[in-house]
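From first to last, the protein sequence lines stand for chains A and B. Heads up: the first sequence at position 239 corresponds to 256 in the working numbering, and the numbers run straight through without jumps. Heads up: the second sequence at position 36 corresponds to 331 in the working numbering, and the numbers run straight through without jumps. No residue lacks a Cβ here, since even glycine has one placed at the ideal position from N, Cα and C. As structure tokens, the structure follows; a few thoughts come after it.
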Amino acid sequence: MTLTGAPRALTPRRSRPMSTWRLEWLRLTRSRRWIALVAVYLVFGLIGPVMAKYMAGLLEHVQSGITITVPPPQPKDGIVNYLSQVGQIGLIVVVAIAAGAMSFDARRGISTFLRTRATGMWALVAPRFTVNAAAAVLAYTLGLLAAWYETALLLGSLPVGAMLAGLLCESVFLVFAVAVVAASASFARSTLGTVGIALAALIVLSLVGSIGAVHDWLPSTLSGATVELLSTTQLSDYAASLLTAIAASVLLVAVAVARLGRREV
Amino acid sequence: MDLSGGTLLALAPVVLLVIGLVIFCLVDLIRAPAVRYLPKPLWALIILIGSTPLGAVLYLALGRERQPSPSIPDQTDKPALRTPPEPERKPIPDRVPPADEGPVVQTTGLTRDYGGAGLFDVDVSVPRGSVYGLVGPNGAGKTTVLSIITGMRRSDRGEVRLSVPRSGIAVCPDVPEFDPWLTAYEVVDLARSLIGTPRESVSAATDSVIDALAAAGLGDVADRQVGGFSRGMTQRLGFACALVGDPELLILDEPTSALDPAGRAELLALVASMRGRRTVIFSSHILDDVQRVADQVGILRDGRLLYQGSTQALIDTHLRPRWLIRIAGDTGTVRAELERQPWVTRVEPVGLDSLRVDGESMEAGERGIPVALAVCRERLVSCEPVAADLEAAFLALTEPRDTNSDSPFHAATVHAETLHAETLHAETLHAETLHAETLHSATKDGR
């Protein structure tokens with residue numbers, strides 16, 4: 018260091034060495050994004066089974082002259098309620114948080130700081146993708162565990178195998194969703210643009226999934242797979258979707274690295 | 296509704312989570328210096344009754360202000376950028392290259408066409424160990440050159456040859472930006488880790504970060520989150536980030552644009568002190584800054600390199616025998632006397648008490664002016680040669696050539712002299728300001 022002749026002022030608090038991985042961890046914790054992420058999944062995880070249990074009672078209180086017949090709640094209804102909520106709101110939060118991290122070209126100063134120092138684009142994309150995907154999976158898992166706990170107390174026990182298989186499917190889908198965000202960030206510079214492209218892509222994928230011929234192969238089939246796994250299907254029925262989602266995730270991240278690496282700032 | 300023990304056990308976490316989230320959001324709202332989109336009372340209502348707990352989540356997602364701390368004022372009364380004193384400067388052998396090692400950066404026929412604007416056949420050559428000033432009017436292509444050199448943009452044609460690895464290049468943009476929730480220490484430490492330096496001990500890494508922060512005058516605020524930094528402090532932080540990797544090539548794009556006068560002077564001294572030890576490319580529109588620190592200069596206009604070479608050689612080219620004479624009396628008599636002299640080519644009044652005299656040679660003027668003044672018996676206040684500076688040279692090179700004057704440099708030179716007279720006036724004001732600040736500082740110290 019050539020500037021050791023300069024007098025030092027205060028010695029800063031000793032903190033852990035920085036890295037791009039720690040940067041992403043701090044992005045989640047310091048900006049309190051983790052609270053929004055965990056809160057959404059945990060709240061719906063806790064409320065979903067309660068709503069399933071007491072929906073009939075609530076409807077009885079609000080009904081006026083109309084007779085509504087609600088079948089007695091089944092254990093799987095607690096999870097169905099949870100998934101129906103987080104399948105939309107949770108996904109939007111995951112996409113928004115991941116887009117905030119991935120769209121580092123939105124601000125030229127930050128982009129210049131990172132791009133002129135990083136050894137390669139992979140060094141910038143990998144931690145962002147991994148940490149956000151892991152956070153999404155963790156938040157989903159916490160919510161699912163909360164829903165499972167509530168369901169067990171209020172509605173009855175759930176099959177462990179089907180629940181774990183469902184967790185695997187939903188986790189792979191969330192990883193795929195974050196990969197879609199990564200690729201979207203290479204098409205749009207702004208965070209809002211990245212969110213828009215990613216959500217549009219996921220919605221289109223979901224619509225395409227309604228076509229029977231490709232349904233079994235699309236990653237969107239994994240979203241909400243837990244409901245089916247608790248009723249009729251088995252994990253092997255989702256093998257094609259799982260493989261497609263994993264392959265597509267790898268491809269999308271590769272696209273993101275290649276396109277972001279070629280982008281001019 | 297059946298509220299058995301199991302049900303209560305199930306409801307307890309829900310209630311606790313919702314209450315905890317609402318309390319957290321309310322406390323955060325009260326402590327927050329500012330919130331976004333809506334006034335605080337309205338956010339409080341949303342948190343409390345807005346479809347609990349969705350109101351709280353909405354506040355976390357939208358209402359929270361991202362700036363973590365109030366803006367820290369620029370501390371202009373403190374040493375801003377600390378230049379290592381000359382005797383303490385440590386020589387670094389690997390930064391003192393052999394003279395025949397060739398340029399650090401060499402571009403050949405660099406072209407980037409933005410539809411008429413851009414760069415056209417630019418051959419930049421930056422000698423190792425030099426401070427290279429890149430100057431030019433707005434839109435001349437300075438940023439494009441630097442962006443292509445740093446790999447941020449591509450050229451349509453041409454070649455860039457770098458004799459340092461990418462990891463040995465550090466860039467400080469004109470408007471640095473950082474994630475606001477990082478501390479200054481973490482930002483510089485991140486810059487250090489990003490360039491992939493060889494594994495070093497934690498204490499050595501910490502030392503290098505602290506040294507860079509201290510050199511940039513940010514040692515006192517190392518633990519502060521940078522979201523509250525002023526623009527000047529952010530620019531210093533950008534400079535600290537550029538220094539931390541001990542780069543072989545330092546690229547500074549308008550590095551003094553946001554600094555106060557003291558900080559600017561100290562940064563220039565720091566850059567000047569690097570000459571011979573590391574290569575610096577210094578882009579600036581403040582020509583005085585470039586003249587003070589750059590030994591090599593490149594002048595761009597309309598995407599073409601008009602001049603490249605020694606700063607002093609450029610200035611010398613435009614040095615003309617010219618003097619500014621200030622008299623405590625009637626300038627008319629002196630002017631008439633000077634116009635009779637055979638060596639004088641032009642005499643023009645400047646203000647009420649000064650004359651600008653052009654001569655055929657320096658020697659003729661140095662001998663003739665005292666004689667002319669003695670003949671007139673006027674009181675001389677001052678007589679100084681008007682030195683050519685980078686500003687004059689720059690204007691001479693970059694002004695449009697379609698002037699009606701007989702000399703292509705005439706308009707530029709007149710302009711430069713006007714600027715010079717204005718500069719003299721500004722310097723007087725600056726001296727008065729410094730005097731006032733000294734008095735103010737003394738008053739504060741005595742308080």
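Neighbour flag for residue i against chain A, beta carbons, 8 Å
i	result
B/Trp338	no
B/Glu472	yes
B/Ser525	no
B/Leu429	no
B/Leu601	no
B/Ala305	yes
B/Ala486	yes
B/Thr612	no
B/Val645	no
B/Pro308	yes
Limits of the unbroken beta strand (DSSP E) element including residue i
i	result
B/Asp584	Taken as a continuous stretch (DSSP letters only), B/Asp584 belongs to no beta strand (DSSP E), being part of the alpha helix (DSSP H) at Leu582 to Val588.
B/Leu601	Arg599 to Ser605
B/Val421	Ser420 to Pro422
B/Arg830	Residue 830 of chain B lies beyond the residue range present for chain B, which begins at 296 and ends at 742; the question has no answer from this structure.
B/Pro644	Val639 to Val645
B/Thr445	Looking at the DSSP string, B/Thr445 is not in any beta strand (DSSP E), and its letter there is neither H nor E.
B/Thr574	Thr574 to Ser578
B/Asp548	Leu544 to Asp548
B/Arg617	Arg617 to Ile622
Assigned secondary structure, residue i (DSSP; H/G/I helix, E/B strand, else coil)
i	result
B/Phe473	coil
A/Glu281	coil
A/Leu14	Absent from the structure is residue 14 of chain A, since the part of chain A shown begins at 18 and ends at 282.
B/Ala465	strand
A/Asp303	One cannot answer for residue 303 of chain A here, as it falls past the ends of chain A, which runs 18 to 282.
A/Trp38	helix
B/Asp653	strand
B/Arg596	strand
B/Ile664	helix
B/Pro432	coil
B/Pro680	strand
B/Arg326	helix
A/Arg49	coil
Residue-level contact to chain B via CB, residue i, 8 Å cutoff
i	result
A/Ala56	yes
A/Leu100	no
A/Arg47	yes
A/Ile96	no
A/Pro34	yes
A/Arg134	yes
A/Phe146	no
A/Glu283	Look at the range of chain A in this structure, 18 to 282, and you will see that residue 283 of chain A is not part of it.
Cross-strand partners of residue i (DSSP beta bridge)
i	result
B/Thr478	B/Gln520
B/Gln401	B/Ser420 and B/Arg456
B/Gln591	B/Tyr427 and B/Ser605
A/Cys186	Paired residue(s): none; A/Cys186 is not in a bridge.
B/Leu414	B/Arg407
B/Arg359	B/Val330
Cβ-heavy atom distance, residue i to the ligand ZN, below 7 Å
i	result
A/Ala153	Among the components modelled here there is no ligand, and therefore nothing to report on the ligand ZN.
Residues of its chain near residue i, where Cβ-Cβ distance is below 7 Å and the 5 sequence neighbours each way are ignored
i	result
A/Val272	Ala200 and Ser203
B/Val585	Gly428, Val430, Phe577, Ser579, Val592 and Leu685
A/Leu235	Leu222, Val225, Gly226, Ser258 and Thr261
A/Ala164	Gly62, Gly65, Pro66, Gly95, Ile96 and Tyr99
A/Ala123	Arg206, Ser207 and Thr208
A/Ala152	Leu45, Trp51 and Leu54
B/Pro392	Bear in mind that a pLDDT of 47 at B/Pro392, under 50, signals an unreliable position, so the model cannot answer this.
Host alpha helix (DSSP H) of residue i (start-end)
i	result
A/Phe204	Counting along the chain, A/Phe204 falls outside any alpha helix (DSSP H), and DSSP gives it neither H nor E.
B/Arg630	Thr626 to Arg635
B/Arg331	Premise fails: B/Arg331 is in no alpha helix (DSSP H) and is neither H nor E.
A/Leu131	Arg125 to Arg132
B/Arg559	Pro556 to Ser568
A/Val111	Leu108 to Met119
B/Gln530	Arg526 to Val539
A/Thr243	Ala242 to Ser248
Same chain, Cβ closer than 6 Å to residue i, neighbours up to 5 away in sequence not counted
i	result
B/Asp451	Thr406, Arg407 and Asp408
B/Cys536	Val483 and Ala486
A/Ser36	none
Nonlocal neighbours in the same chain, by C-beta distance under 8 Å from residue i, ignoring five residues either side
i	result
B/Gln636	Gly663 and Ala667
B/Ile344	Gly350
B/Thr606	Gly428, Val585, Gln586, Ala589, Asp590, Gln591, Val592 and Leu685
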